[in-house]
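Remarks on the structure that follows.
Shown next as structure tokens:
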């Protein structure tokens, strides 16, 4: 009893609650309430430092996608097929996300696609080759002087954040910490010896949204079915 | 005829709807005319509250041309609309609405909703990804 109480007391509550992406994404995406404490927005995510020929292929795909979008022909994507973003994309908080801290575990629930991610604290790190590939990968974490350091391996090959290919050796490290009473910072580092020439790093920020209740998002609900020719979901016409 | 139009519109949506890196969780709205907005006044026939996109069907008259057609209007997700002040049971068949929309580039009667005005004058946006209205 006493032990359980002590364990409960040891659980951090700094991250628990609902969060929205910062900078704010506009009407319908978040609270619309500007932060009370002024902070500098993070720099845009840089181009992935891909090895050749992957970098040239990636740039060609970006150009092709931009041109198709300009013509009103946006290319099919995993999102259009109602597939979840997976890691690290689910941490960009397209819709708000909820973080729950319980003994030994931090759980992240991203509203978009009902994505759930479990981070096991102080658990043995998984070798990438031993981690069953999943959309959210498999995450272990530890607190280091007020920073939650999370390592993720085992992300499915089909998960392509920003159209970036990766190998089974990809490792994502996140350093998550409160930077003031209402904001979190997530410093993300992606390493992949097969595909990247150097670590790919950027920072995401989240603003606390007190009282926000995460909604359901079952993407397959509205009369969609997979078109065998196009390989993505489209409206079903009855 | 109406059925044919709807089928064609949906086929067009299906053929062109896709996604890029966008502010939408599901897909971009590039299939719609980015710089054309039209106003329709009409009556709700179907209000489908579901993800990834809510659909509204109306028998609507173009305020400029007077032409009446059956329109399929694409809205954002249920979550975006909830946050923009909508409610799942706010519309029913027969309700009068006035909408400002951007039509499909193909000219078929399907469109992206920009703004909806109900009979009591209350206005509802379709979220930031759908863009702002530029006409009255």
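Protein chains in written order, with the working numbering: chain A, 31 to 268; chain B, 51 to 186. Even glycine gets a Cβ: it sits at the ideal position worked out from N, Cα and C. Because the structure is a prediction, the values reported are computed rather than measured.
| message | So within the segment 219 to 247 of chain A, which uninterrupted beta strand (DSSP E) runs reach at least 3 residues, ignoring any that extend past its ends? | response | 230 to 238
| field | CB contact flag (residue 195 (chain A), residue 242 (chain A), <8 Å) | value | Residue numbering aside, residue 195 (chain A) sits at position 165 when the first chain is read from its first letter. Residue numbering aside, residue 242 (chain A) sits at position 212 when the first chain is read from its first letter. Contact: no.
| By how many angstroms is the C-alpha of residue 78 (chain B) removed from the C-alpha of residue 59 (chain A)? | The count along the first chain starts at 1 and reaches residue 59 (chain A) at position 29. The count along the second chain starts at 1 and reaches residue 78 (chain B) at position 28. Here the alpha carbon of residue 59 (chain A) sits roughly 15 Å from the alpha carbon of residue 78 (chain B).
| said: My output table needs one value for residue 103 (chain A): the three-state DSSP class, helix, strand or coil. | reply: If you number the first chain from 1, residue 103 (chain A) lands on position 73. Three-state DSSP puts residue 103 (chain A) in coil, outside helix and strand.
| query | Which residue comes first and which comes last in the alpha helix (DSSP H) that contains residue 130 (chain B)? | reply | To locate residue 130 (chain B), count along the second chain from 1; it is residue 80. Per DSSP, residue 130 (chain B) is one residue of the alpha helix (DSSP H) stretching across 128 to 133.
| query | For residue 124 (chain B), which option in B:159, B:132, B:185, B:93 has the closest C-alpha, if you only look at C-alpha atoms? | reply | Reading the second chain from its first residue, position 74 is the one you call residue 124 (chain B). Of the listed residues, the one whose Cα sits closest to residue 124 (chain B) is B:159.
| query | Checking contacts by CB at 8 Å: is residue 47 (chain A) closer than that to chain B? | reply | Residue 47 (chain A) sits at position 17 when you count from the first residue of the first chain. No, its Cβ sits nowhere closer than 8 Å to a Cβ of chain B.
| request: Determine, using beta carbons only, whether residue 248 (chain A) comes closer than 8 Å to chain B. | output: The residue labelled residue 248 (chain A) in the question sits at position 218 within the first chain. Closer than 8 Å to some Cβ of chain B, the Cβ of residue 248 (chain A) qualifies, so yes.
| query | I think residue 215 (chain A) touches residue 235 (chain A), with their Cβ atoms under 8 Å apart; what is that distance to the nearest whole Å? | reply | Start at 1 with the first residue of the first chain, and residue 215 (chain A) comes out as number 185. Start at 1 with the first residue of the first chain, and residue 235 (chain A) comes out as number 205. About 6 Å; that satisfies the 8 Å criterion.
| query | Can you find at least 3 beta carbon pairs, one from the segment 141 to 161 of chain A and one from the segment 113 to 132 of chain A, that sit closer than 8 Å? | reply | Counting Cβ pairs under 8 Å, three or more are found: they touch.
| said: Below 9 Å on C-beta distance, what does residue 100 (chain B) contact in chain A? | reply: By 1-based counting over the second chain, the position of residue 100 (chain B) is 50. At a beta-carbon threshold of 9 Å, the residues of chain A lying near residue 100 (chain B) are 248, 251, 252, 253, ordered along the chain.
| query | Closer than 8 Å, CB to CB, is residue 96 (chain B) near chain A or not? | reply | As a working mapping, residue 96 (chain B) is identified with position 46 in the second chain. Using a Cβ-Cβ cut-off of 8 Å, residue 96 (chain B) does not count as an interface residue toward chain A, since no Cβ of chain A sits closer than that to its own.
| Under the three-state DSSP convention, the category residue 71 (chain B) falls into | Reading the second chain from its first residue, position 21 is the one you call residue 71 (chain B). Any reading at residue 71 (chain B) must be qualified, since the residue scores a pLDDT of 37, below 50, and its modelled position is unreliable; no value is offered.
| field | Min CB distance residue 184 (chain B) to chain A below 8 Å | value | Counted from its first residue, the second chain places residue 184 (chain B) at position 134. Chain A, which has no Cβ nearer than 8 Å to the Cβ of residue 184 (chain B), makes this no.
| request: Could you tell me if residue 104 (chain B) is buried or exposed, where buried requires 16 or more neighbouring beta carbons within 10 angstroms of its beta carbon? | output: Locating residue 104 (chain B) in the second chain gives position 54, where the first residue counts as 1. Residue environment: residue 104 (chain B) is assigned as buried (16 or more neighbouring CB atoms within 10 Å of its CB, all protein chains considered).
| Quick check: the segment 172 to 187 of chain A against the segment 74 to 90 of chain A, are there 3 or more CB pairs under 8 Å? | Using a C-beta cut-off of 8 Å, the segment 172 to 187 of chain A makes no contact with the segment 74 to 90 of chain A, since fewer than three inter-stretch Cβ pairs fall below that distance.
| said: When you compare the CB of residue 55 (chain A) with every CB in chain B, is at least one pair closer than 8 Å? | reply: By 1-based counting over the first chain, the position of residue 55 (chain A) is 25. Output row for residue 55 (chain A): interface = yes.
| query | By Cβ distance below 6 Å, which residues in the same chain neighbour residue 96 (chain B) in space, the five residues on each side in sequence not counted? | reply | Residue 96 (chain B) sits at position 46 when you count from the first residue of the second chain. If you ignore the 5 residues before and after residue 96 (chain B), its C-beta comes within less than 6 Å of the C-beta of 107, all in its own chain and listed in chain order.
| message | If the criterion is Cβ atoms closer than 8 Å, does the pair residue 131 (chain A) and residue 203 (chain A) meet it? | response | Taking the first chain and counting its residues from 1, one reaches residue 131 (chain A) at position 101. Taking the first chain and counting its residues from 1, one reaches residue 203 (chain A) at position 173. Not a contact, by the Cβ cut-off of 8 Å.
| task | Report yes if the CB atom of residue 132 (chain B) is closer than 8 Å to the CB atom of residue 245 (chain A), and no otherwise. | result | Your numbering for residue 132 (chain B) matches position 82 in the second chain. Your numbering for residue 245 (chain A) matches position 215 in the first chain. By the CB criterion at 8 Å, residue 132 (chain B) and residue 245 (chain A) fall inside the cutoff.
| request: Assign residue 270 (chain A) to one of two classes, buried (16 or more other C-beta atoms within 10 Å of its C-beta) or exposed (fewer than that). | output: No answer is possible for residue 270 (chain A): it lies beyond the span of chain A, which begins at 31 and ends at 268.
| message | Relative to the C-alpha of residue 134 (chain A), which candidate in A:126, A:125, A:169 has its C-alpha closest? | response | Along the first chain, read from residue 1 onward, the residue named residue 134 (chain A) stands at position 104. If you compare the alpha carbons of A:126, A:125, A:169 with that of residue 134 (chain A), the shortest gap goes to A:169.
| Contained alpha helix (DSSP H) runs [length at least 4] in the segment 79 to 125 of chain A, N- to C-terminal order | Every unbroken stretch of the alpha helix (DSSP H) spanning 4 or more residues and falling wholly within the segment 79 to 125 of chain A is given here in chain order: 84 to 100.
| query | Measuring CA to CA, which of B:142, B:100, B:126, B:84 is closest to residue 169 (chain B)? | reply | Working through the second chain from its first residue, we reach residue 169 (chain B) at position 119. It is B:142 whose Cα lies nearest to the Cα of residue 169 (chain B).
| request: Could you check how far apart the C-beta atoms of residue 199 (chain A) and residue 163 (chain A) are, in whole angstroms? I think they sit under 8 Å. | output: Residue mapping note: residue 199 (chain A) aligns to position 169 of the first chain, counting from 1. Residue mapping note: residue 163 (chain A) aligns to position 133 of the first chain, counting from 1. Not quite, the Cβ-Cβ distance comes to about 12 Å (not below 8 Å), so this is no contact.
| field | Sequence-distant residues of the same chain with beta carbon closer than 6 Å to residue 205 (chain A), five excluded per side | value | Within the first chain, the letter at position 175 stands for residue 205 (chain A). Once the five neighbours on either side are set aside, the close Cβ partners of residue 205 (chain A) are 177, 179, 217.
| task | Give the DSSP-derived three-state secondary structure of residue 216 (chain A) in the structure shown. | result | Here residue 216 (chain A) is taken as the residue at index 186 of the first chain, counted from 1. In the structure shown, residue 216 (chain A) sits in a strand (DSSP, three-state: E or B).
| request: Taking residue 73 (chain A) as the reference, give the member of A:233, A:51, A:181 with the closest Cα. | output: Sequence index remark: in the first chain, residue 73 (chain A) carries index 43 (1-based). Answer by Cα proximity: A:233.
| query | In its own chain, which residues sit with a C-beta less than 6 Å from the C-beta of residue 155 (chain B), not counting the 5 before and 5 after it? | reply | Numbered from its first residue, the second chain carries residue 155 (chain B) at position 105. So the list reads 83, once near-sequence residues are dropped.
| field | Selection of the segment 119 to 146 of chain B by Cβ proximity to chain A, strictly under 8 Å | value | 126, 127, 128, 129, 130, 131, 132, 133, 134
| task | Out of B:148, B:184, B:127, point me to the one whose CA is closest to residue 98 (chain B)'s CA. | result | Within the second chain, residue 98 (chain B) is the residue found at index 48, counting from 1. It is B:127 whose Cα lies nearest to the Cα of residue 98 (chain B).
| is_contact[residue 174 (chain B), chain A] using C-beta, thresh 8 Å | Counting from one through the second chain, the residue named residue 174 (chain B) turns up at place 124. It does not; no Cβ of chain A falls within 8 Å.
| Three-state secondary structure (DSSP) at residue 79 (chain B)? | Taking the second chain and counting its residues from 1, the one referred to as residue 79 (chain B) is at position 29. Three-state DSSP puts residue 79 (chain B) in coil, outside helix and strand.
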